Amino acid sequence: MATARGKGKFAIALVIVVAMVWVWGRSSRYLKPPGGKAKTPLVVFAAASLTDPFNEMKNLFERQHRDVRVVMNFAGSQELALQIEQGAECDVFAAADQRWMNDVEQRQLLSERPRDFVQNDLIVVLPARNPGPVQQLPDLSRKGLKIVVADEAVPVGRYTREVLNRMSRLSGFGLSFAEAVLKNVVSEEDNVKAVLGKVQLGEADAGFVYRSDVSQRVKEEVIVLEIPPAANIVATYPLAVLKNSTHLELSREFEDLVMSPAGQDILANHRFIPVSRGKGRP
Amino acid sequence: MSEPLSPRTPLSLLRTFPGFWSLSLILGAAIIPIFLCLPLLSLFVQVPFTELAKRISSPVVLNALRLSLLTSFSSAVIIVVFGLPTAYFFATSEFPGKRALEVLMNLPMVLPPTVAGLGLLLAFGRSGLVGGWLARMGWSIPFSTVAVVLAQLFVATPFFVNAARSGFEAVDPHLLKAASSLGASPFYCFLRIVLPLSSRSLAVGMAMAWARSLGEFGATITFAGNLPGVTQTMPLAVYMAMQSDLQAAVALSVLLLIVSFGILMALRTRVFLGPR
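For the record, the sequence lines run as chains A and B. Numbering that gives the first Met the number 0 puts the first sequence at residues 0 to 281. Numbering that gives the first Met the number 0 puts the second sequence at residues 0 to 275.
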């Protein structure tokens, strides 16, 4: 009995070890294709909200430049700026916010003036599964609702508060609207995806997120309420090549791809607002 | 039982046994304390004392500290109340599936806290397994202080149960047999023999569970959210401060360190550990 159990345990351990070795092998083959010569790495730091479109950019760029490997680093703009200022190796920086790009620029780390490449605005999302008492935007000020926003330190959190203040000045909302909505806030999240997650799970009755956050995948799990254009903000995303880039020429080409009609189409497909159509380098 | 080694100073060790063994023991033993203390001391060096005093008196910090102490002590009490019977039952009973259940109960210790938070949301959230039912009765747990305590209970309970269990298992069963042959009831045996003999393990387990609760971050921010005064505990306040003001984050960390040091030190006194 004891030996049978011992054999069983040994078998389980063996299966786990074999599986781990297999995963290891697969992943290293993925990272370093057999026989392929080392490709030039191009390091792109991009805001987390750009994850989907910039992964498509990467594929497109690698198809155009067979000898280049684009390495993407996605995180909050403020975290990326901090990494760059601390000396991280980076060729291209795409931020979700002017503030953090300015921060990097003021430390003289850029090779050029940043260029605005795309815009975004805010929407309100409601859970699709168990719709609460929110039918339209003015309902957000109803007592007892659970509303989730981003913290004021996060760009989208700052935009949220600005949008609320602007709504208070529109007819149909009332002067105390912003205050009433903020009283309903049950959590101030550290990033926009966390706000979205709480709404997707049906835990929050409403949340403020970027338009681009509602991807095809998310679409079925939330209901979108449009914010009147008079109250909405425009978030403009800047892009720049860093001074310390070891591949200035390639970096500029990546930047041009983002600004090109093909690049802008990718962004538009992900519900971003393109800023230029077919505008070349000035 | 063997006589414990009498403590000696590094100097007397070298004097009694001069040579390679003593020297390498002392050098080897020095590396880990230095490694552990260096980041802690670095935090202190970063903050001027006046800055610290100013930060600590801000309402956000006071709220976070109050909430952290309230929730972590509540968690510690609940963990002891429910953890004691659990640990004693598992130490003294045998039933099919016990091993698997034990491993399952230890999983919260190795899970990434964010996974723990997600699991809690799916269980106690408004549309969760239990939470959906609670919500229909008008009780919603996420985003409340109760959620903070639940998150802490989930990740910290195994620390106490494991420590208490090994304490109970170390109690000599002959003592219990002797006591009951003299007419002592099981409850009397537990109260007067088992508890005193395992008090050290219980105190250590309690300190570990409390410390884990105080430092809880990932499950809290996922399950309870982040709202000053309601769910924003010290670790969350440090993290949010880091997004905009590094100095504030360091000041908060130092405060958290001082409080934790004080409480862990108090738990090491004789009152809790008993005589050696």
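Cβ coordinates follow ideal geometry from the N, Cα and C atoms, glycine included. A quick note: this is a predicted structure, and the numbers were derived from the prediction, not measured.
- Within the DSSP bridge table, the entry for N119 of chain A names A:A234 as partners.
- When DSSP states are grouped into helix, strand and coil, G131 of chain B belongs to the helix group.
- F207 of chain A is bridged by DSSP to A:V123.
- Around the CB of I83 of chain A, 16 or more other CB atoms lie within 10 Å, so the residue is classed as buried.
- The beta-bridge partner set that DSSP reports for T39 of chain A consists of A:V67.
- Comparing alpha carbon positions, the residue from A:R216, A:E219, A:E225 and A:G201 closest to V208 of chain A is A:E225.
- Interface with chain B (7 Å Cβ-Cβ cutoff): G201 of chain A is included.
- Under the 7 Å criterion on CB atoms, Q246 of chain B is classed as non-interfacial with respect to chain A.
- The way I'd put it, the stretch 134-151 of chain A doesn't touch the stretch 250-263 of chain A; fewer than three beta-carbon pairs between them come closer than 8 Å.
- Looking from the CA of D244 of chain B, the closest CA among A:N58, A:P52, A:Q77 and A:K192 belongs to A:Q77.
- Counting along the chain, F94 of chain B sits inside no beta strand (DSSP E), nor does DSSP assign it H or E at all.
- Note that the C-beta distance between A122 of chain B and F222 of chain B is not below 7 Å.
- Straight through space, the alpha carbons of F48 of chain B and A134 of chain B are spaced by roughly 47 Å.
- Exposed is the label assigned to M264 of chain B, since fewer than 16 other Cβ atoms lie within 10 Å of its Cβ.
- Using a CB distance cut-off of 7 Å, V221 of chain A does not count as an interface residue toward chain B.
- Excluding sequence positions up to five before and after R114 of chain A, its CB lies within less than 8 Å of the CB of P237, L238, A239, E254 and M258, all in the same chain and listed in chain order.
- As for any alpha helix (DSSP H) of minimum length 4 sitting wholly inside the stretch 200-236 of chain B, the runs are 217-222, ordered along the chain.
- Identification of residues in the stretch 145-171 of chain A having a C-beta nearer than 9 Å to some C-beta of chain B yields K145, V147, D150, E151, A152 and V153, given in sequence order.
- For S243 of chain B, the three-state secondary structure derived from DSSP is helix.
- Residues are counted here when their Cβ sits less than 7 Å from a Cβ of chain B; for the stretch 75-97 of chain A these are Q77, given in chain order.
- Counting only unbroken stretches of 4 or more residues, the alpha helix (DSSP H) elements lying wholly within the stretch 7-89 of chain B are 9-15, 19-45 and 48-55, in sequence order.
- Under a 10 Å Cβ-count criterion, V16 of chain A is classified as exposed, with fewer than 16 other Cβ atoms of the shown protein chains found around its own Cβ.
- If you look at F92 of chain A, you'll find it in the beta strand (DSSP E) that goes V91 to A93.
- Note on V160 of chain B: 16 or more other CB atoms within 10 angstroms of its CB, so buried under the neighbour-count rule.
- For S186 of chain A, the nearest CB of chain B lies under 7 Å from its own CB, placing it at the interface with that chain.
- Here N101 of chain A carries a helix assignment [DSSP, helix/strand/coil].
- Taking a beta-carbon distance threshold of 7 Å, Q151 of chain B does not count as an interface residue toward chain A.
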